[in-house]
Amino acid sequence: MKITIFGTGYVGLVTGTCLAEVGNDVLCMDVDQQKIDNLQQGIVPIYEPGLETMVKENQQAGRLRFTTDAKEAVQHGLFQFISVGTPPDEDGSADLQYVLAVAKSIAENMEEYRIIIDKSTVPVGTADKVKAIIQETLTKQGKAIEFDVVSNPEFLKEGAALTDFMKPDRIVIGTDNPRTTELLKALYAPFNRNHERIVAMDIRSAELTKYAANAMLATKISFMNELANLAEKLGADIEHVRHGIGSDNRIGYHFIYPGCGYGGSCFPKDVKALERTAQEYGYKAELLTAVENVNNRQKHVLFNKIKAHYNGDIKGKTFALWGLAFKPKTDDMREAPSRVLLEALIEAGAIVKAYDPEAMEEARRLYGGKAGFFLCETQVDTLENADALCVVTEWKNFWSPDFDLLKNTLGDAVIFDGRNLYDPAQLKKIGLNYYSIGR
């Protein structure tokens, strides 16, 4: 099948590459000439395990191409995926300017029937807006061309996106036309062979499904963080509690790890956008507000523990910081808890020496040249002349460090662990002061 992808960011590039991987003819379009030039040379702008190799292999096979030419892109594919960004507006709502700009561009260059697929995470009602702008543009041009608009939200986890696409839990398709549903089923047939994964529904329900999924997962995280803070006051261990409730299969173990807050490009943005959508329809979504507030507060928990340990004075102290990405297996630092912590430490007069296996370039882009902030080549390098260690991202190479080295190297022999990676009893025996979450 001939497929066009508008937007070569995280969602667009993964979608286009995986669709090419099963034999489709995919053309990815982006307005960023530099990004397209790089992709044509096999240079992938994001870190995602396995993606660069898959991009190169499909390019070499002639199934995956890149362009900045909108006309070429529209004329190429029956399926026109809109996978551009929907950043939060000032009021927290999703900014649809890029989605609607693509819709208009498709209409301007359409010559025959096209299926326009909203892959970007967009508020309920966006498909109606896309349909309206396409129809308006076609009418102005005097064109009478049939088209359909579909909602087909993505459910990709950063760090596991290729697996999520190739072996999905579900494929949500929102349409108002049975014929379009069948065409989408044919498109996704290679990913639907083992058992039925397609969930067909109306467009608005599909749009809401994406937000509902992310809001539910964010709620589980904030709930556990709320319990963790309570556990500290009650003298309980939240890790024991986690095992106690996770063994109930109605609850499960996924997304009930307490920590220093969630980040990334999805949860914070989508919770705010869904909350804003509710407001627009005259509904006060109190739970969503609480989820967001708890998470914002949780991002300050480590800094508050640090201040308490040092009696409010950390000026001149040096902190080793392990983990900058918002989670492992990505270089994404959007809304990352590490940013809240390092900015607070530097603001208080401390020095931060940081390391992350993948997010170093992104950190350099965000904080390069910032006074008091230094990037180190290895996690051990961060310890030199450091007074304390802060663990913010649960990369596996942080799970089992040399604790004797930490004790002998850290000036104040103290660890602030935002992911509960270590055993408090073991560290106490070694002679390290240890602060974690909810224990």
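For the sequence shown, my numbering gives the first residue as 39, with consecutive numbering after it. Heads up, the beta-carbon is just placed ideally off N, CA and C, and yes, glycines get one too.
DSSP on residue i, reduced to helix/strand/coil?
i, result
"Cys492", "With the chain running from 39 to 477 in the structure shown, residue 492 is simply not present."
"Phe119", "strand"
"Met67", "strand"
"Asn471", "strand"
"Gly88", "coil"
"Phe357", "strand"
"Ala238", "strand"
"Ser158", "coil"
"Asp450", "coil"
To the nearest angstrom, report how far apart residue i and residue j are at their CA atoms.
i, j, result
"Ala386", "Arg208", "47 Å"
"Cys304", "Thr46", "17 Å"
"Tyr85", "Lys178", "42 Å"
"Val168", "Ala382", "42 Å"
"Lys73", "Pro83", "7 Å"
"Leu255", "Tyr300", "10 Å"
"Gly212", "Lys157", "11 Å"
"Leu413", "Tyr249", "36 Å"
"Leu552", "Lys337", "Outside the modelled stretch of the chain, which goes from 39 to 477, sits residue 552, for which no answer is possible."
"Leu444", "Thr416", "14 Å"
"Gly123", "Thr164", "14 Å"
"Tyr151", "Gln118", "11 Å"
"Thr447", "Lys367", "28 Å"
"Asp138", "Arg101", "For the sequence presented, residue 138 should be read as Leu rather than Asp. In a straight line, the C-alpha of Leu138 is about 28 Å away from that of Arg101."
"Tyr226", "Ala269", "46 Å"
"Met67", "Asn76", "13 Å"
Indicate whether residue i and residue j have their beta-carbon atoms separated by less than 8 Å.
i, j, result
"Leu465", "Phe441", "yes"
"Leu470", "Val429", "no"
"Cys298", "Ile171", "no"
"Val390", "Leu359", "yes"
"Val69", "Ser121", "no"
"Gly15", "Gln97", "Not covered by the structure: residue 15. The range shown for the chain is 39 to 477."
"Asp63", "Lys40", "yes"
"Ala316", "Lys307", "no"
"Lys109", "Asn147", "yes"
"Ala363", "Ala409", "no"
"Thr497", "Leu312", "Summary: the structure shown does not reach residue 497, with the chain confined to residues 39 through 477, and so no result is reported for it."
"Lys365", "Gly302", "yes"
"Arg377", "Asp129", "no"
"Leu200", "Gly88", "yes"
I'd like to confirm something about residue i: is its beta-carbon nearer than 7 Å to some heavy atom of the ligand ZN, or not?
i, result
"Arg288", "Absent from the structure shown: the ligand ZN. Ligands present: none."
Below 8 Å on the Cβ atoms is my guess for residue i versus residue j; work out the distance and round it to an integer in Å.
i, j, result
"Phe44", "Val140", "5 Å"
"Leu176", "Ala145", "5 Å"
"Ala99", "Thr42", "Not a contact, Cβ separation roughly 18 Å."
"Thr356", "Asn423", "6 Å"
"Leu421", "Ile453", "Between Ile453 and Leu421 the Cβ distance is about 11 Å, and since that is not below 8 Å, they are no contact."
Quiz item: Counting pairs of beta carbons, one from the segment 187-202 and one from the segment 225-244, are three or more of them closer than 8 Å?
Solution: yes
Exercise. Evaluate the contact criterion for the segment 217-225 versus the segment 270-281: three or more CB pairs, one atom per stretch, below 8 Å.
Key: no
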